[in-house]
Each structure stands twice: as C-alpha cells, then as structure tokens.
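A short worksheet on the structure shown next.
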Amino acid sequence: MKLVFKLGIFYVIFIFMTQAVSSQNKNRADERLLMVTKQLEARGIHDKKVLAAFREVPRHEFVLPEYLDYAYTDRPLPIEEGQTISQPYVVAFMTEALDLQQTDRVLEIGTGSGYQAAILAQLCDSVYTIEIFKTLTLKAQKAFKKLDYATIHCKIGDGYEGWQEKAPFDAIIVTCSPSHIPVPLQEQLAEGGRLIIPVHENRVQHLVLLQKKNGKIRQRNVLPVRFVPMIDEDGKTY
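Residues in the sequence shown are numbered consecutively from 237, following the working numbering.
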C-alpha cells in the first residue's frame, strides 16, 4: 500500500514537471534568455529595462509559421508584403539609443510585424505606430490583442507624414529607410525628443540619431544598417 502511494506521488510530480517543461518550451522562454545573453548583452546592450523587455516579448508570435525555428536567431526574417522583421540586435540597439522613460510618448514609423512596437510597449505608456500596408496593420493588431498590449495605437497611412494629431512625441523610431530625414517627423519631436532613423545615400544606409534641443536638431550617424525602403501609398520610394 505504501509502495503504491509513493509511486502515485512520484507520478504526480513527474506529470507536473513534464507539463511545466512543455509550457516553458512552448513559450520559448529559454530561447529568449539565450538571445538576450548571446546576441544583446554580449554585443554591448546594457540597459536593464531594454534587456528585460526582450526577455518578456515572445518574438516567435511575430514571425511567419515557416520561420518559427529561426525566431530567436540574430537575423532579419521575411514577413508579408515583402517586408521584414529586423534582427534582435538592431531592434535592441535602436531602442536603447532612444533612452526611453516610462512616461514617454513614442511614435514608430513602419509597424511591420509589430515586434518593435511590442518592445516599446514594455518600456513606455503610450506607443503610436503607423504602417502603410493594411494587411500588416491588421495582423499586428491581432498579435497585440492576443498578448494584451492595450497601449499600442495603430494607424494605416504614410509614415513620412508622421501622426500630427498625436504629436508631439518624446521619441520617434523609423524602421524603413528614406533618402533623407522627413521634415514632418522632425517637427513632431517634443523639446528634448529623440529620433532614430535609417537613412540611405548612394546605396549605403546609416542609422542617424537626432535630438531636439532649444528648438534645434542635432544629429549623428551611429550604425551602418540595411532596412527596407520607405514608400508612399503609390509604392514610390522617398
């Protein structure tokens, strides 16, 4: 009788541990931890709040099913409409460069998969994101609803023009590359606001970090990158 009782206890413990491991694997928490350690911290990302956001946001929820096994590799991945989800390191670099505070109002140009907006929502109370492709916006909204990101506000439209009705913004992040820095985005920056954007010139792209001080814009190149081009509603590049 005692043997049967002990075996029963061991069986219950085994089932509990198996379910716990299965749940963890399904959530891919171990993969996120490894991504943060090997891809972000090892390459110089140190902001604790940014690292915590990357440990929390399930990147696999924002990639196409056929790329699930690559969700936590340090590489961009294709999504619909010929767009991409940026590699984790670049997302982290751009996010950290903005030096975000919880009360910041942030504008993202290029919703794409929604992953960058989800990272921003872990760090700030108000996130506004614009996407020119309706299909991408609708899919990202489903992901936001599933993951309970209620502070992300979406708009379908031309990101070049920004979101004047919701301006000014403490930070603006652009995830597509124009040939110059859009004037409307500079105008929608709050005093002390930061803007990070990939700008291309002669087939070379650089991330440019801007800050508005005393009404003037200061800027500097911070990292060579490769992003999809910024386009208008007719598909023409800026």
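Note that beta-carbon positions come from the ideal geometry of N, C-alpha and C, so glycine has one too. Computed from a predicted model, the values in this text were never measured in an experiment.
Taking the CB atoms as reference points, tell me whether His296 and Ala307 lie closer together than 8 Å. yes
Ala289 classed as buried or exposed, judged by whether at least 16 other C-beta atoms fall within 10 angstroms: buried
Distance CB(Val464)-CB(Thr320) smaller than 8 Å: yes
Looking at C-beta atoms only, is the number of pairs between the segment 390-399 and the segment 373-380 that lie closer than 8 Å three or more? yes
Going by C-alpha distance, which of Arg462, Leu425, Ala379 is nearest Pro414? Arg462
Specify whether the segment 338-346 and the segment 357-372 touch according to this definition: at least 3 beta carbon pairs, one from each stretch, less than 8 Å apart. yes
Write down the C-beta distance between Val458 and Ala328 rounded to the nearest angstrom, noting that I regard them as a contact closer than 8 Å. Not really, about 13 Å apart at Cβ, beyond 8 Å.
Cutoff 7 Å; reference Met360; Cβ partners in own chain excluding five residues on either side: The sequence given here has Cys at residue 360, not Met. Cβ neighbours of Cys360 beyond the five flanking positions: Leu336, Gln338, Asp340, Val342.
What residue range is occupied by the uninterrupted alpha helix (DSSP H) comprising Gln352? 351-359
Can you tell me where the beta strand (DSSP E) with Lys449 in it begins and where it stops? 440-449
To which residues of the same chain is Asn263 closer than 7 Å at the C-beta, ignoring the five residues directly before and after it? Pro294
State the start and end residues of the unbroken beta strand (DSSP E) segment that holds Asp470. Per DSSP, Asp470 belongs to no beta strand (DSSP E) and is neither H nor E.
According to DSSP, simplified to helix, strand and coil, what is Leu269? helix
What does DSSP give as the partner residue(s) for Glu437 in the beta ladder? Val440
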